[in-house]
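Here the UniProt record's numbering is used: the first residue of the sequence shown is 1, the next is one more, and so on. To keep things clear, I will list the structure first and then write my remarks on it.
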Amino acid sequence: MTGIGTAERLQTDDGARLATSVTGGSGRTVVLVHGWGGARSVWDTVATPLAVLGYRVVSFDLRGHGGSSTGRDGVSLDRLRADLGQVLDRFGAEDPILVGHSGGGYTALAYAAADQRRLGGLVLAGTAAYGQDTPAGELRMMGNPVFSWALRRPALGRRMLGGMLGPDAGRSIAELNRELFASVEPAVRREFFRISCGMDLRPGLATVTVPAVVLAGENDKIISCSYGEELSRTLPRGRFEKIPGAGHLLPLESPDHLVRAVTGLA
Numbered sequence: 001m002t003g004i005g006t007a008e009r010l011q012t013d014d015g016a017r018l019a020t021s022v023t024g025g026s027g028r029t030v031v032l033v034h035g036w037g038g039a040r041s042v043w044d045t046v047a048t049p050l051a052v053l054g055y056r057v058v059s060f061d062l063r064g065h066g067g068s069s070t071g072r073d074g075v076s077l078d079r080l081r082a083d084l085g086q087v088l089d090r091f092g093a094e095d096p097i098l099v100g101h102s103g104g105g106y107t108a109l110a111y112a113a114a115d116q117r118r119l120g121g122l123v124l125a126g127t128a129a130y131g132q133d134t135p136a137g138e139l140r141m142m143g144n145p146v147f148s149w150a151l152r153r154p155a156l157g158r159r160m161l162g163g164m165l166g167p168d169a170g171r172s173i174a175e176l177n178r179e180l181f182a183s184v185e186p187a188v189r190r191e192f193f194r195i196s197c198g199m200d201l202r203p204g205l206a207t208v209t210v211p212a213v214v215l216a217g218e219n220d221k222i223i224s225c226s227y228g229e230e231l232s233r234t235l236p237r238g239r240f241e242k243i244p245g246a247g248h249l250l251p252l253e254s255p256d257h258l259v260r261a262v263t264g265l266a
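This is how it looks when you write it as structure tokens:
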């Protein structure tokens, strides 16, 4: 679950230690930001072909996920945006293409709205700019130890998270998703899902003029395609693509589409 490439830890200004991986050549930098309940290893089948094409690919575990600690400031969208900025600083990313999936897309959008000057492009997969309020009951479930106990049972956990996947996703994808989701501490998982409550990034996106590709799975039951379509219209240079048959986990289900989106921008 550690991702590919050369691994190191980056310490943020609030003391969090972020696990990172860098792979590929000396070409343009691509920075990959995973969603809530994931880890940088979800990007392996995206990072490998990009590295073969000569890109330098940077991925990292969000605070409280995978090999990263939480830090003194805890969890908020502003804090995640700051973490992303420190990753870009650490790896000297000039004109990078920023790729965000699901909650990682919220982070990428928040960063772009605050400081698009250093970005070369955006690829946004299975994400939205607003309308993703997590119900109170679901937030309680995310922090419930019984829910975590169930997630640690492979067959049961895969069934519980099955709605995240399209109908053609294989068992290996479902199992990796379960393992990653189960590995996040319940309290951390709850606080991440709380981030989307009341979130509306649209006001800051109308002036984000870097080229952007917005991808959505046709069968995404977590974030409807309609939100992706609206996001593409909100971004002045946004383009929307619906992926037939795919569900929410596009880095695992449709890595080729993500690679093509990156190379198309580059």
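Ideal placement from N, C-alpha and C gives every residue a C-beta, glycine not left out.
8 Å CB neighbourhood of residue i in its chain, flanking five on each side removed
i	result
D115	G85
R237	T209, V210, P211 and A212
8 Å Cβ cutoff met for residue i and residue j
i	j	result
V99	V210	no
A108	L88	no
I4	T23	yes
R152	A174	no
P186	S148	yes
G104	R56	no
R178	G163	no
G143	R190	yes
G35	S102	yes
Three-state class that DSSP yields for residue i in the structure shown
i	result
V259	helix
L77	helix
V87	helix
R237	coil
V42	helix
L151	helix
R158	helix
Q11	strand
T20	strand
G71	coil
Y111	helix
For residue j and residue i, the rounded distance between their alpha carbons
i	j	result
D73	R194	15 Å
A150	A266	43 Å
A155	R117	46 Å
H257	V42	15 Å
S76	D83	11 Å
K221	T127	12 Å
L231	S172	31 Å
P244	G166	9 Å
D95	V52	20 Å
G228	D78	22 Å
Cutoff 7 Å; reference residue i; Cβ partners in own chain excluding five residues on either side
i	result
C225	A216, E218 and K242
L235	L205, V208 and A212
V46	L32, P251, P255, L258 and V259
Q132	S196, M199 and I223
H65	G38, A39 and V184
Same chain, Cβ closer than 6 Å to residue i, neighbours up to 5 away in sequence not counted
i	result
S69	A16 and R17
In chain order, what are the residue ranges of uninterrupted beta strand (DSSP E) at least 3 long that sit wholly in the segment 188-248? 212-217 and 238-243
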